Each structure stands twice: as C-alpha cells, then as structure tokens.
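Visitor:
Protein chains: 2
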Amino acid sequence: MHFQRVLILLASLAVGSLATADEGMWLFNDPPLKLLKERHGFEPDAQWFAHLQHAAVRMNNGGSGSLVSSDGLVMTNHHVGADALQKLSTKERDLMRSSFYAKTRQEELKCPDSELNVLVSIEDVTQRVNAAVTAPAGSPEAERQRRAVMNQIEKQSTDQTGLRSDVVTLYQGGMYQLYRYKKYTDVRLVFAPEQDIAFFGGDPDNFEYPRYDLDICFFRVYENGRPAHTPQFLSWNPVSLKLDDLVFVAGNPGKTDRQNTLRHLEYLRDVSLPASLDLLRRREVLLTAFSQRSAENARRAKDLLLMYQNSRKARLGGLDGLQDPAVMARKRSEQDSLLDAAAKRPPLGDQCTAAVQSVDQSLKTLATIRVDFNLLEQGQAFDSELFTIARMLVRLAEETQKPNADRLREYRESNLESLRQELFSPAPIYADLQTELLADSLSMLVEQKGATNPLVQQVLNGKSPRQRAAELIAGTQLADVAVRRQLADGGPAAINASTDPMIQLARLVDKPARIVRTQFEQQVEEPMRQAYATLANARFALFGTEAYPDATFTLRLAFGLVKGYRENNQEFPAWTTLGGAYRHAAEHDNQEPFALPRSWLDRKGSLNLATPMNFVCTADIIGGNSGSPVVNRDGQLVGIIFDGNLASLVWDYEYTDQVGRATAVHGSAILEALRNIYRAGPLVDELTGSKP
Amino acid sequence: MHFQRVLILLASLAVGSLATADEGMWLFNDPPLKLLKERHGFEPDAQWFAHLQHAAVRMNNGGSGSLVSSDGLVMTNHHVGADALQKLSTKERDLMRSSFYAKTRQEELKCPDSELNVLVSIEDVTQRVNAAVTAPAGSPEAERQRRAVMNQIEKQSTDQTGLRSDVVTLYQGGMYQLYRYKKYTDVRLVFAPEQDIAFFGGDPDNFEYPRYDLDICFFRVYENGRPAHTPQFLSWNPVSLKLDDLVFVAGNPGKTDRQNTLRHLEYLRDVSLPASLDLLRRREVLLTAFSQRSAENARRAKDLLLMYQNSRKARLGGLDGLQDPAVMARKRSEQDSLLDAAAKRPPLGDQCTAAVQSVDQSLKTLATIRVDFNLLEQGQAFDSELFTIARMLVRLAEETQKPNADRLREYRESNLESLRQELFSPAPIYADLQTELLADSLSMLVEQKGATNPLVQQVLNGKSPRQRAAELIAGTQLADVAVRRQLADGGPAAINASTDPMIQLARLVDKPARIVRTQFEQQVEEPMRQAYATLANARFALFGTEAYPDATFTLRLAFGLVKGYRENNQEFPAWTTLGGAYRHAAEHDNQEPFALPRSWLDRKGSLNLATPMNFVCTADIIGGNSGSPVVNRDGQLVGIIFDGNLASLVWDYEYTDQVGRATAVHGSAILEALRNIYRAGPLVDELTGSKP
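One line per chain: the protein sequences are A and B, in this order. Per the working numbering, the very first residue in the first sequence carries number 1; after that it's consecutive. Per the working numbering, the very first residue in the second sequence carries number 1001; after that it's consecutive.
(1) Taking the continuous alpha helix (DSSP H) assigned at E571 of chain A, which residues delimit it?
(2) Can you tell me the Cα-Cα spacing of P238 of chain A and K302 of chain A, whole angstroms?
(3) CA-CA distance, N1130 of chain B and F1199 of chain B?
(4) Does any residue of chain B have a CB that is nearer than 8 Å to the CB of E447 of chain A?
(5) Any C-beta of chain B within less than 8 Å: which residues of the stretch 344–373 of chain A qualify?
(6) With burial defined as no fewer than 16 other Cβ atoms inside 10 Å of the residue's Cβ, what is the status of D1113 of chain B: buried or exposed?
(7) Can you have a look at A14 of chain A and say buried or exposed, based on whether 16 or more other CB atoms are within 10 angstroms of its CB?
(8) Checking the sheet assignment: what are the DSSP bridge partners for Y1430 of chain B?
(9) Beta-carbon separation of Y181 of chain A and N252 of chain A under 8 Å?
(10) Nearest to A1669 of chain B by CA position, among B:T1090, B:R1211, B:R1144, is which residue?
(11) Could you pull the start and end residues of the alpha helix (DSSP H) that L1537 of chain B belongs to?
(12) Can P465 of chain A and S443 of chain A be called in contact, C-beta distance under 8 Å?
(13) At what residues does the alpha helix (DSSP H) containing G1349 of chain B begin and finish?
(14) I think K313 of chain A touches P682 of chain A, with their Cβ atoms under 8 Å apart; what is that distance to the nearest whole Å?
(15) What residues match up with D186 of chain A in a beta bridge as DSSP calls it?
(16) If distances are taken between C-alpha atoms only, which option among A:A46, A:L246, A:A470, A:E143 comes closest to L437 of chain A?
(17) With a threshold of 8 Å between beta-carbons, can T1577 of chain B be considered close to chain A, or not?
(18) Can you tell me where the beta strand (DSSP E) with L1386 of chain B in it begins and where it stops?
(19) Assuming S37 of chain A and D244 of chain A form a contact by the criterion Cβ under 8 Å, report the distance between their Cβ atoms to the nearest whole angstrom.
(20) Does the beta carbon of S720 of chain A come closer than 8 Å to any beta carbon on chain B?
(21) Nearest to T185 of chain A by alpha carbon, out of A:L85, A:Q467, A:S418, A:L478?
(22) Indicate whether at least one CB of chain B lies closer than 8 Å to the CB of H584 of chain A.
(23) So what's T158 of chain A in DSSP terms, helix, strand or just coil?
(24) My guess is that P1629 of chain B and A1082 of chain B are in contact by the Cβ rule of under 8 Å, so how many angstroms apart are they, rounded?
(25) Just the C-alpha distance for Y1678 of chain B and S1291 of chain B, rounded to the nearest angstrom, thanks.
(26) How far does the alpha helix (DSSP H) with W48 of chain A in it extend, from its first residue to its last?
(27) In chain B, which residues lie less than 9 Å from L460 of chain A when you measure between Cβ atoms?
(28) Please go through the same chain and pick out, in chain order, the residues whose beta-carbon is closer than 6 Å to the beta-carbon of R1675 of chain B, but skip the five residues on each side of it.
(29) Which runs of the alpha helix (DSSP H) at least 4 residues long sit entirely within the stretch 1209–1295 of chain B? Give them in chain order.
(30) With a threshold of 8 Å between beta-carbons, can L508 of chain A be considered close to chain B, or not?
(31) Throw me the rounded Cβ distance for the L386 of chain A and L478 of chain A pair, which I believe falls under 8 Å.
(32) Would you mind sorting E1686 of chain B into buried or exposed? The rule is 16 or more other CB atoms within 10 Å of its CB.
(33) Where does F200 of chain A sit, in a helix, a strand or coil, going by DSSP?
(34) In chain A, what lies closer than 8 Å to S1626 of chain B by C-beta?
(35) Output, in chain order, the set of chain B residues within a Cβ distance shorter than 7 Å of R269 of chain A.
(36) Apply the 10 Å Cβ neighbour rule to T1499 of chain B and answer buried if 16 or more other Cβ atoms are within range, or exposed otherwise.
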C-alpha cells in the first residue's frame, strides 16, 4: 500500500533530480515536454495537462484520488479511504470488514473529518519569498523571515480567493510556489468493497506482485449540502490496455530522498530508518496483541495496525536498498560526478563542497537532538489522539495570540480552518486503545531519556508508565468534542485554568518541545535547505537538462509503459486477471489473508474471469501516490495506482525500471466487479456516462 | 508460559536472597525447615525431600517436569514439549495443531534431540574450586583457573560415575556444588493435546488469569530400547485441593536478579531489557509476517514465534516493574539498609561499598562491549540454526585439540555427549525460514556496527544482507547430518579445508567473537562474581537468616498456599473450572486464539464441567519452572505449573504475594480430559496406578 501519513517522520529535505528512463515526478507547470516527445512521440497540449490537473484530487490525510463524474464523484484507494471508513465504523457497522454501497444519495455517509483538495492554480512566488529574507543564508533569522513571508502570502491569498493556499518549497529552496486549492470538507462515502478483497493477500502480498486487489472506494464531495458540480473529471476508457501502452499518473507523491548527499543517505541507513523501524515494530506488536483480545479490539485497531504494517514493510524495503553496497556505490559515483564537474567550473566547486559539508554538519546537529525532537515535538512519547488534541488546544491558544507571521507554520491563519476540522472531529476515540498506546510510548520515553530525567519524572508523576497512562486517559475530558470547543473558545485563560490532566501534560512538555523544534528548524532544516538549494542550482548549471524536484506531497505527473518484468528467472506478467484471484485464494485454502469475501465466492459465476485485475507499469511513484488515477494518451482513466512492488521500494533513493514497478487496479476489473459482484448499476452508469 | 531457553541473554549474575512470606527458591540440600515449621507447621523428613528430588525432571531445552509412573512416564507442559513436538512435525502430521496419543508403546514417537535430567546427588566442591584459584580475586587468571578446575571436576565425576556432572555456581561464587544427573536421551512422545487447548487464550491470556489451559504433555524415557524403570515417581492425589492448602513446587527456575545492586537493576531497565525487547519484537514481526504467507509457513515457524511472543510479554512485565518508581524505591531502600548495617561492622562497610562500585565498573565495561558480545558471541548477527551448527563444528575442532581444563565451558569433556546430540540432531531445518532469520539478523549487524565496518563488509561480501543470507543458506550443506558428521570427524583439517560458505562465515567471525567473549568473562563476569559474593557473604554475616540463592536453572523447592486474590476491585478465584473454558470461548465467539478444539466441542457432554481446571498459588516461581510438579504435604501430585500472572512478572526482581501468583493446571482436569475427551484410559490407569 503506497500511502503516506504525516507520521513520525522528519520533514522532507530533498532537492531536484535529473531524469533517466521513465523517471520523474514532474511539476504540472513544468511538464517534461521534450522527454515525452523524444521517448514516446507524445505531444500533449496545455489543455491536456490542465484537464488532468483539475480532475486530480489530493486526499488530505495522505493519498491521492480523482474526480470521475461531473457530480463530485471521487475514486481513491480503499486503503486511503480507510481512515474515513474506520471513523465511520461502529461495533455494529464495521465498514472495514463489510462492503458498503449507497444506492441513493440519501444513503451516502458523511465522513467526520475528511478534506479533499483540487489544485486550481500555481503561482511562482520565489522572488517575493527571497526578497523578504534579508538575513544571512542559513541563519536562524533567515528561517524566521522565510516563515513569516510564507504565512503572509498564504493569508493574503486565502483572503483574496477563498481558496486553500499553500506556499510549496520546491528544489529545497530553489523555488517557492503558491498552490491554491479548491477545498472540499463535506465528503461522503458512496462505495467500498470488503477489505478482504481491497487488501487481498494482506501483509504477505503487500508491495509484492502478482496482485489481485480491488483497492478502491468512492466518495462524493458536496457543497452547500448538494453534490459538487465538477465538470473537469476523468472519463472511463472503454477499451483494454495493451502491452507497452504509454500511461500517465497524476498524484501526490509524499517524499523522496533521491538528491540526498551520500552522508545523508548513510544517516538514513544507520540512524533514522532503524529507529523508525524499531518504533513501527513496537507499535505493530502492541496493536497485534491488542487486536487478538477480541473481535471488537481488532476492529478498533484495524486501520492503525494496517498503517504500521504497511510502513514497516515499506521502510524495510528502503533500508534493504540502502544496505545494498551496489546502490550506495552508484549514489557515491553520482555525488562524485557532480563534485568533479563542479570543480572544473569555479566557484561551483567550492560552493558544492561547502554545501556537502554543511549537510554533514546539520546531520551531526540532528544526531544530538533527534531523540528529544522525536519524543517531545513529534510526540512519540505521548502517542494518543487525546494528547494530540490537548497539544493542539494548548498551542492554538498561544499561537493565535501572535501575529500571523510569527506563528508556527501549522497555526498560520490560512491553515486554521483545516486544523479546526481535525480538532473538532466527532470521530470515535477508544479509551482502551489510547491507554495501550500511551503506556507504550511513555515507557519508550523512560527508556530513551532515562528514569532519572527531571522531565520524565514530572511526566510520570511517581507512577509507572502503565499506571500513568491509565490515569491520564481515564481523567481527561477531551474525548468530548464540546469540551474541546469550550477550551478552544476560552483561549489562553481557559487553557491555563484547565485541570484536565491531558491539558496539563501538554502544557508541561510544551516548552521543551518548542525549544527542540526551534533547534531543529534553525540549526538543521534551514542550513540544510540552503545547502541543498546550492547543490540543486549547481546541477542545473552543470547538466542543464530537464529536472524535477524531489516529492513534496503536491501534485506531480509521472509516466511509463505497461510492462511485465523478469526477476530471479521468473516472468511477471504485465497484468493479472479476476480468475487469478480465485486461484490465488485456492492455493491458500481461502484462509485469511487470502480469503475472498462471501460476495466474490457467491457470484463467481457471473464474472468474466479473463478481465484484467491489476497491472504494472514503469511510472515513477512513491508513498502518497496511492489512489492516483492512471490515464492513457487521451487522458481517459485506465486504472488507479495502489502499490509498487518490492523492487520499487528503493525508489525513495533511486529510480530503476529493470524490475521496479508501480501497481494499479485495472479499470475493467472495477467495472466488472461493480456490475456483477456489487450490483452497483447506477454507480457504473455514473462512471461510464450512461445516464440510467 | 513460564519457560526459558538459552536465548540471547547474558549469563546469570545474581546472588543469595533473604526470604519473606512464602518467598524462596530453595536448595534441596538446604531446605527451609525452620520456615516451613514456623509458618505452616510442616516438618517433612529427609525422605520427603529425596523422593521429590528424584521424581523431578529437568527438560534440558529449558523447563521442568516430573516422573509420574514407574515406567518412565514424564509429565511436562505442552509449551515445554513444543520444541520436540515441532521437530516431530511435518507438513502432513502437525503435532503442534492436532492432539497425539500413543495407545501402545510401539506408537510412541522418538524425539530427535531431547535430553532429560534427573538430579541424583549434590556434592559441595566450594573448597576444591577456591583452592585451585590462586590468582588475585577478580583477575583474568582467576577466571581461567576457576574454569579449569570446574571442567576438571566434571570430567572426573563423569568418568567415575557415568553421570552428567555440572559444577553449579551458587550465591554467585559464594558456593560451588557438583550436581550429578541421570541423563535420558531416548525420549518418546506419549500424549499431547491440541495446542488450541494447551495454549487456550493465546498471547492475550498468556501471563494473565483466570486461565483455562490444558498445558500438558507426556513423554516416556527409555533405556536400551525399553521404558526406563523409575521407581521414584509422583503418585496422583485422589482428592481435590482446598483453599489455603499448602503446596510445593519442584522445578528449575532459570534466572532471577533479586540481589542485583540498584545500578545493576537500572542497567537492566535502561539498557538490556529495552535492547532485548527491540530484538524480540523484530523477530516477532518477522515471524508473524512469514507465518501469514501460508499454513505451512505458519507451521514451520510456530514454536519459534510462540517463544518470541512469550519472551516479549514476560520482559515487558519485568520492565514495567523496573519502570515503577515504587519498586525501585524499595530496591534502593533494601540496598541502603545493607550498606548502613555493613557500615556499623567494619570491615564489612568498606567491602560492601567496594563491591557495589565494582559492579558499577563491570557494568560500564559491559556497556562498551555489549553490542559486539551480543552480535558476535551470542550470535545475534547470525540467527540461523545452520550458523549455530557451523560454529559448533568450527569450535569443536579447535577446542577438542586443547586440554580439557583450557576449553570454553560448553566444550568441556563432560558436556560433549550432550553437545553432539544437538549437533547431529536430525530435526528438520527449513531453508526459507532460515533465510528470513539470517537476512534480518545480518541487517541488524549492519545497523549496529555500521556498513563501513571491515568485519561487516567481509561478512556481507559485497551483497545486501538479504542477498547474502539467500546465498549462504542456499550454498551450505550443513542441513545434511552426514555432512556435519564428516566435518566433525575430520577435525581441524576438514574444517580448514571446507568450502562450505557457512563454515567459512563461522571461521571468519570466530576470532573477534572469542575476543569479546574473553573480555566479557574476564572484565565483566569475573569481577562481578567476586563483588556479588562479597555482598552475599555480608548479608549472611549481618542478617544470618535462612536464605536461598538466585535462580540458576537447577532444581529448587518453592512452597505456598492455594489462594485467590483481589486486584483493581476485582476478585480472582483460586481456581477455574472446565465449564469456564467453554464460557470463555463463547465470549469470544470461539475464534482464535479462543477457539476450543473440535474434540472439546464434541465431547463437552461427557465432561464434569465443575472439575477444577487451573489454580493459582503463592509459590515463588520464574521462567524455567514451567512443567514443575505441584505436590501436597504428602508429596502427591496435585497439579503442574505452567505460568504466572502479570503481577508475578516482577518476581525476576522482587517477590510479592499481594497479587502475584503462580498458575498451574489442576490434576483433576488432566484426568478428566484424558478420560473423557481423549479416551486415554490406559494412560489414566498408568497415572493413577490402576493397572488395566
């Protein structure tokens, strides 16, 4: 599953990449026209790109999607919609297990806190940002000035246009662009298959191939209580894909590290990935044990557990790449080539050498603050939705007292509406699950900071981590949305007067958390940004070819061919079929996670088993691309990305297309299943434009 | 599950404890006569102890058991027998899933490599050991001299008596005793229930209470191809237990750390337990993912996965105790009391202070070598049975060239027979599972030592950990027992000439592994042993009461009362019933791991549901006690220990009986199930002495 959440990760620190083969996560306002023409003889016009851009959707919880009808119908992956499915589920109605289909608009289910964005326009603001930064490059003051001007640009844009406005840092500071989004917050569930077929094969098949997953679901966006009018949507391709067909992917890849210095990759390999994996495994074990206690426990933890398992497998794949001496040798040779070429063009050589050293220095600083940064500011020590809410309330009160320009980025004026939607979400919060997570993370705090640390002792308040977690979760009132609203409305006075133990905990740790955040932003992020901007500019100057920036969870275009591969003397076909799913299930005695749902067993006879189910292509994707539409030369929908194979997991660091592939659900399988398994005739009609 | 294997743990480093309440893991040659008389008015004679000692069995793979008939019938836990059950299983005959009952002797299944020990005699050799150690206390030479004399004493004893002979270090060097065992290596499976009832409730119920587990299985020991004659066996108690009945437990508790210095406990809390847990979780995640791929994968990994899950839950319980400020405050106060009392009795004060400092110093040294020690010498970097075999072959060739006195402990002459049984075991080895384990552990080697480490680079040989593991497992011939025998017979010449890649790997890492082992033994273990011996002697001198040494995986006697408890306003009964098992299953919709086996569902009607199933008592146990017989004042069998509750997990560090309890299968449930579920009449007759 190729999705991404704003997890426990350090901010993206990367820079522009030069393309080879079908590589590239291209900007829609700077598409690879030359490459498309030369490699594939394809010359789309501006209208072609604009249409795709306006039909592409960003799922704000991490993931992609597309508009697929003029009535606001959105298609994405089941695993991207899982967050909403989980929040809509109850003990009695488990949408993560059973299928759902709203035959009428009235039956569509409103999601508690979903936000979807459609990119409306892109405006370059590089000059404006750079002009506002008068302090020396890489200095703390430069960081403050940049944050101030970005907050300001966004606020003005939102005030003027009413659109969600984000200044996006591209090429790690080489370019700043203002992205304006149409924002939808009334999002309703239309259709979801059983999770057993959406994630058929489970963790064992995840990131592998061949696959047989119907990893889709449909939402509808509403405005003013009625389905939104969305004239820019993707129409369904009526014919099947052929081998070597050229396809395009429009989605929001989350984060790549392809232009990292060698030392930076080593840091990922030696420090941050292993630490991440330790945490992911510990939560996976915790949630698996919790889930085994009862069916209801399993239901409560399901989405979270899947996310941890998915991240674990993805990171293990990435780490496996970085631990491969051959991969690192190539990355070393790339860096050497750049430095060698730069050395022949003074002053580029000195600049690049200094930049590489500056990255080293930033990593050394990072190594000294990373434990505190992760525990306190990223909140790894307080892993509970209720703590997250408490911190939001505490910081909202403090930040909104400041001028917009001086606020922490996430409390900037233009982001408050999205933030409040999250803060006041009525999604259920389960005290038992929260207690387990918090106990485990408090225990980790003791492990990593030591039991004698004064802050740790204040946090534990004389209790063991387990006792303290139980006390905090039992004592807080923040599960009640009305209490949150009261505290938010009451501002700093209400926060300071609150006796809620979770609010008190959030206040206790806020100062040290802010201190280490400032250290991170000023001593790590800012100098690193400047260094990578220098390297990016040198690359442009030296090699001057078309390039794309590392991924930033914003809209990008990828392209590639529908193509199987050969690995370890085995042929992997370009696509699988519906019939293959039944064979795959039979090979595993139809046992979890290879159990086909009842509906598929019952209605096998009515399916055309030769229908293509999943296919692979060479398009360059990464986590965040999940749910991205795949279109043909005519811009028609032919499938939806949901995964990449194991060999694609190294694409975080380098793209190769010998065996690495993106994996998609084939459009034909979607229609076939909707028609003959789910009897969703009206939905098929809406997708294919045949009015009922 | 309270079992223990010789896992990834540091050697036991502990010392004598003073008893309170029903605390104590007492030596059979120094039983707590005064305590039993004063607290319980019980005055057993020497014969009482001797009978229990000779009927008690040590399962050499970690765990306890008892002789229960004169024809060599042995009862232990299913989870202790699981190692043998796993090795006897094939894809077609899964003894970890289905039940097994040999109606006749001919049907009994011979285990590939089981060894059972019965303690025959104990001889004090303290003077002989101490006299041989002439070098200064705590010096490297002292360590060598002690090892030499121990190897020698054992060799002489084995030569003279033909018995397995182990010098056991008690009170951490305050006492040395020669334990002689009757050794059984022809061990055959007689009966095992389905794992679903043996481990009913699975990981969620493990270490919790109430429980409903039939955690038993029966083996028979043979000599010269015929059932061994074992006149000293435990007879079955014909009447049921009552509340507050005094009971006794005879078993082999593995390791406790009750007399550790405060700093040593902090080291466990801050360093070794978190590191252990990281490793346990990483293997648990790996094996869970492997198991999900297919039923056959799950079968292959089952025993190993259960062991990791069990260890994880046990250690988490221990860590939870050490992270409880109240527990640590009590341990601090204990230590302060000792030092205060010692200060008033020169020169004890100075000696104790120096000893505490010496432990500190040893821990500092340990902290600097622990990563290498664990990776290289403990083999955490090469987690594969095939590597273990390769190392054994390499070291066997080298060590047997040396005089017995100079060898590594496990290659001493008196241990070679046991070692060869393990080395030439025909138990199946699965290449796919071995590859996964080795890849994961090589990856951990890279993480912990760094990719640029020269040894790491030699180990990987230019490959990624995954590629290298695949190459090693595919290339080695050591899965073939005949190849192992050839190499063992060929001695150093055969080893040096071998082109087997696993042998070559074992040779490559042997020197650095031996270096760090020597550092550990000389700079950590030896000085720590001396320091703890000083503290133990001071305790004797100051407090002079009856005391018991920390656990050493040798036979001990514990005692306590059959007693329920009250925790968090809830009453926990002293015992559960067979009927409760059915209710517990129904509450979980009879879903795994709460699924009762078919046989229990089918034959419910023929059971007396009021029969007691599991019970709790205050006897002092720990991992290794699994399978220990529980007997009454008359020395009759009333049950078998299989677990402790969550509150007992802190017993590693301190015993408390407010809510901590040992958990046992009730003898009545065993007979009732054998009779009415498994129709094992002849086995019941053998147990109850009613000849058929």
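The beta carbon of each residue, even a glycine, is placed where N, CA and C say it ideally should be. Remember, predicted model here, so these are calculated numbers, not experimental data.
Guide: According to the structure shown:
(1) Careful: E571 of chain A lies outside any alpha helix (DSSP H), inside the beta strand (DSSP E) at 570–572.
(2) 36 Å
(3) 46 Å
(4) yes
(5) Here the close residues number zero.
(6) Buried is the call here.
(7) Because the pLDDT at A14 of chain A is just 33, under 50, the model does not fix this residue reliably, and the point stays unresolved.
(8) In DSSP, Y1430 of chain B forms no bridge with anything.
(9) Cβ distance not < 8 Å, so Y181 of chain A and N252 of chain A don't count as in contact.
(10) B:R1211
(11) Here the sequence assigns Asn to residue 1537 of chain B, which means Leu is not the residue at that position. Residues 1526–1543.
(12) P465 of chain A is a Cβ neighbour of S443 of chain A, given a cutoff of 8 Å.
(13) 1348–1372
(14) So it is not a contact: roughly 37 Å between Cβ atoms.
(15) A:Y222
(16) A:A470
(17) no
(18) Not the beta strand (DSSP E): L1386 of chain B falls in the alpha helix (DSSP H), residues 1385–1399.
(19) The sequence shown places Lys at residue 37 of chain A, not Ser. In fact, because the Cβ distance is near 17 Å, the residues do not count as touching under 8 Å.
(20) In this structure chain A extends from 1 to 692, so residue 720 of chain A is not present and cannot be described.
(21) A:S418
(22) Interface with chain B (8 Å Cβ-Cβ cutoff): H584 of chain A is excluded.
(23) helix
(24) So it is not a contact: roughly 19 Å between Cβ atoms.
(25) 29 Å
(26) 46–55
(27) Q1323, P1325
(28) V1684
(29) Correct list: 1262–1267, 1273–1292.
(30) no
(31) Right, their Cβ atoms sit about 5 Å apart.
(32) Looking at its Cβ environment, which holds 16 or more other Cβ atoms inside 10 Å, E1686 of chain B is buried.
(33) If DSSP states are grouped into helix, strand and coil, F200 of chain A belongs with coil.
(34) The premise fails here: S1626 of chain B is roughly 21 Å from chain A at the closest Cβ pair, so nothing lies under 8 Å.
(35) A1451
(36) exposed
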